[in-house]
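Plus 16 on top of the position in the sequence shown (first one is 1) and you've got the working numbering.
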Amino acid sequence: MDILKKIQDHREQEEELKWEGTFSEYLDLLKERPYLAQSAHSRVYNMIKSAGVAEEHDHKRYKFFDEDIYGLDEAMEKLVEEYFHPAARRLDVRKRILLLMGPVSGGKSTLVNLLKRGMEKYTHTDEGAVFAIKGCPMHEDPLHLVPNHLRKDFQEEYGIRIEGSLSPLNTMRVETEYGGRIEDVLVERIFFSEDKRTGIGTFSPSDPKSQDIADLTGSIDFSTIAQYGSESDPRAYRFDGELNKANRGIMEFQEMLKCDEKFLWHLLSLTQEGNFKAGRFALISADELIIAHTNEAEYRSFIANKKNEALHSRMIVMPVPYNLKVSQEERIYEKMIRESDIRDVHIAPHTLRVAAMFTILTRLKESKKASIDVLKKMRLYDGEILEGFSDVDVEELKKEHADEGMSGIDPRYVINRISSTIIKKELTSINALDVLRSLKDGLGSHASISSEDKERYLDFISLARKEYDEIAKKEVQKAFVYSYEESAVTLMDNYLDNVEAYCNKAKLRDPLTGEELNPDERLMRSIEEQIGVSENAKKAFREEILIRISAYARKGKKFDYQSHERLREAIQKKLFADLKDVVKITTSTKTPDEQQLKKINEVVATLIDEHGYNSSSANELLKYVGSLLNR
17 MDILKKIQDH REQEEELKWE GTFSEYLDLL KERPYLAQSA HSRVYNMIKS AGVAEEHDHK
77 RYKFFDEDIY GLDEAMEKLV EEYFHPAARR LDVRKRILLL MGPVSGGKST LVNLLKRGME
137 KYTHTDEGAV FAIKGCPMHE DPLHLVPNHL RKDFQEEYGI RIEGSLSPLN TMRVETEYGG
197 RIEDVLVERI FFSEDKRTGI GTFSPSDPKS QDIADLTGSI DFSTIAQYGS ESDPRAYRFD
257 GELNKANRGI MEFQEMLKCD EKFLWHLLSL TQEGNFKAGR FALISADELI IAHTNEAEYR
317 SFIANKKNEA LHSRMIVMPV PYNLKVSQEE RIYEKMIRES DIRDVHIAPH TLRVAAMFTI
377 LTRLKESKKA SIDVLKKMRL YDGEILEGFS DVDVEELKKE HADEGMSGID PRYVINRISS
437 TIIKKELTSI NALDVLRSLK DGLGSHASIS SEDKERYLDF ISLARKEYDE IAKKEVQKAF
497 VYSYEESAVT LMDNYLDNVE AYCNKAKLRD PLTGEELNPD ERLMRSIEEQ IGVSENAKKA
557 FREEILIRIS AYARKGKKFD YQSHERLREA IQKKLFADLK DVVKITTSTK TPDEQQLKKI
617 NEVVATLIDE HGYNSSSANE LLKYVGSLLN R
């Protein structure tokens, strides 16, 4: 009943939003809310902006894209700043087709669908409200009713510039239905809907021999010619083409460059002049954002053909590359799995992350800097802080290759391999090794991978495997250390005492003998080396710890085991190094004694409760780490 109640509520809300009145009453509305007269491009830009904008490292992140487009913040910023924003300000880019160009499964269709769904919602808000001449199949702008000779006066009074001419059908209706009294013409509020073909149109190419231009521009209704006496009577014409129905909103051309040329020529006039030719009528005005998408190979072929120069000059090409951040790639897989029938299968922690590492490695290009290999580049792109590198270095890396992210493994391949593994082996739980094995097995049958790329990709699988080995050891390390939490806290307290004495050039007092001792350099270095703190950097690291302790003290807070991420990691690694022999014996023995069995059960319980494993994947992880430690 809840869902039925929500359907009813939505219906009632839409009824409340409906408005109908005369053109005269609509003008009164415009005086109060002049933003209602915005163009299609302006409406799309304002919709994106209304979701919020975050400033991050001299870049803008448009929150509108957050839930569906992952890892492409900079591409989305460029799209908004270089196309939607100037187009909304009526600059010349609004007279261009927006062509999204990128690799397969890179998010082009997702982006267009996001804009379409967003517009459907936005027209239900006050800021995005759209009004049209009632009964018009093209949802025509009511301001087209204002005669050309009065438009300058209208702009002076209302501050709104009118573009476009009244359509042939509405020109006739004003005379026949309203006796020429434009002030009496009925106006209504409309809501965009792709399903109802209101404000959103979609055109897909098909067989050029059977596809009719009427799909775009409408067609003559031959059954009415006898009634109206002429093919040039607008009442004998169906204004039901995609360009007609997309008026005031968004027109999507799927795989645009696959279209037959005769369909594309209509766009020349539509983009440049804001009108198109249909039937035996004068040019018909249309205000719509034309957005198309294609892949790089088709785009290169298109621009190589000199016949396409006129159309090419009326395009703004926006690259939509693959995501290059491991954490965001992981989110893509999580989303695809949520939407699939494998969502109930247990996927062990780090499985999707390791798959994402492999995928991102295939998309990265070698840096020109000798100090940066692909693994470092992968980490830097994902926001990791690496000693000796800054945000400036990351920006420089991104500028090295303009086409980085335009090739590599696509997300669908990874999900297909995961699905294949689950279905073939009828598994209810999978881990990173299962997925890496499946990715490797599938490379041979991937049609678009060359033998040269295959060799590279096999190397990347090996790199991803090594990364997983470290992750697996660290995971078991954390689980063991959790069982030795008290030891970890004691070790850290000991380290902090020594650091404080070192920084203050003081001595420590032995709690048993009372003897004064120098700070234990060997102990401090054994911990700091675990996280790569060099001999030259030790003093700065220790002083930074002391400053953090003082900051906590000033706020009345206690500095504890959770207060410093890097120090906690160092303590865990040091403790794990000391416990390594215990872990080796515990994880690899075939007949554990009672004490070892107890420890195994404790670690398994920790992996399940604290780290997201199930019983099967936790035991597999322990066995695998045991084999790694015994090599």
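Every residue, glycine too, gets a C-beta built ideally from N, C-alpha and C.
Asked, Found
"Classify D450: buried if its beta carbon has 16 or more other beta carbons within 10 angstroms, exposed otherwise.", "buried"
"Take the Cβ of D457 as the centre, count every other Cβ of all protein chains shown within 10 Å, and call the residue buried at 16 or more, exposed below.", "exposed"
"Below 8 Å on the Cβ atoms is my guess for T38 versus V201; work out the distance and round it to an integer in Å.", "7 Å"
"Closest to Y253 by CA distance: which of A294, T192, K392 and L280 is it?", "A294"
"Under 8 Å, do I547 and A586 count as touching if we go by C-beta distance?", "yes"
"What does the alpha-carbon distance come out to for the pair A591 and N510?", "It should be noted that the sequence gives Leu, not Ala, for residue 591. Distance between the alpha carbons of L591 and N510 is about 13 Å."
"Apart from the five residues just before and just after H155, which ones in its own chain have a Cβ nearer than 7 Å to its Cβ?", "A148, I206, T214, G215, N263 and R264"
"Rounding to the nearest angstrom, what Cα-Cα distance links I425 and D303 in this structure?", "38 Å"
"Which residues does DSSP list as the beta-bridge partners of Y253?", "I236"
"Bridge partners of P308, per DSSP?", "Residue identity differs from the one stated: residue 308 is Ala in this sequence, not Pro. Paired residue(s): L115 and F269."
"Given a cut-off of 8 Å, decide if M334 and Y99 are closer than it, judged by their beta-carbon atoms.", "yes"
"Secondary structure at S317, three-state DSSP: helix, strand or coil?", "helix"
"In this structure, what does DSSP give as the bridge partners for P335?", "M117"
"Where DSSP assigns a beta bridge to N291, which residues make up the other side?", "S301"
"Taking the beta strand (DSSP E) that L202 belongs to, which residues open and close that run?", "L202 to I206"
"Could you check which residue in V146, L327, H462 and L232 has the C-alpha nearest to that of L33?", "V146"
"Rounded to the nearest angstrom, what separates L20 and Q29 at their Cα positions?", "14 Å"
"Using C-beta distances below 8 Å, list every residue in its chain close to A91, excluding the 5 sequence neighbours before and after it, in chain order.", "M334, P335, V336 and P337"
"Grab the span of the alpha helix (DSSP H) containing A418 for me, first residue to last.", "Taken as a continuous stretch (DSSP letters only), A418 belongs to no alpha helix (DSSP H), as it is neither H nor E."
"With G458 as the anchor, note down where its beta strand (DSSP E) starts and where it stops.", "Looking at the DSSP string, G458 is not in any beta strand (DSSP E); the run it does join, the alpha helix (DSSP H), is A448 to G458."
"When we look at the beta-carbon of F380 and count the other beta-carbons within 10 Å, is it buried (16 or more) or exposed?", "Residue identity check: residue 380 is Leu in the sequence provided, not Phe. The residue is buried, with at least 16 neighbouring Cβ atoms inside 10 Å."
"Ends of the alpha helix (DSSP H) at A70?", "No alpha helix (DSSP H) contains A70, which is instead part of the beta strand (DSSP E) from V69 to E72."
"Are A53 and L46 close, meaning C-beta to C-beta below 8 Å?", "yes"
"Output yes or no for whether 8 Å exceeds the beta carbon distance between I332 and V641.", "no"
"Could you give the first and the last residue of the continuous beta strand (DSSP E) run that contains R189?", "Careful: R189 lies outside any beta strand (DSSP E), inside the alpha helix (DSSP H) at P184 to Y194."
"I need the straight-line Cα distance from L512 to T139, nearest angstrom please.", "60 Å"
"So which of Y86, L327 and T240 has the shortest CA-CA distance to L273?", "L327"
"Using a Cβ-Cβ cutoff of less than 6 Å, which residues in the same chain neighbour P102 once the five nearest sequence positions on both sides are dropped?", "V109"
"Of the residues Y473, I376, N447 and A448, which one's Cα is nearest the Cα of L459?", "Y473"
"Is the separation between the beta-carbon of D398 and that of K482 shorter than 8 Å?", "no"
"To the nearest angstrom, how far is it from the Cα of A308 to the Cα of S301?", "20 Å"
"Output the distance between the C-alpha atoms of S631 and V370, rounded to the nearest integer angstrom.", "21 Å"
"Could you give the first and the last residue of the continuous beta strand (DSSP E) run that contains T506?", "Run containing T506: none in the beta strand (DSSP E); it sits in the alpha helix (DSSP H), E501 to C519."
"With DSSP run on the structure shown, which of helix, strand or coil describes V146?", "strand"
"May I ask you to report which of helix, strand or coil DSSP gives L380?", "coil"
"Can you tell me where the beta strand (DSSP E) holding G217 begins and where it ends?", "I216 to F219"
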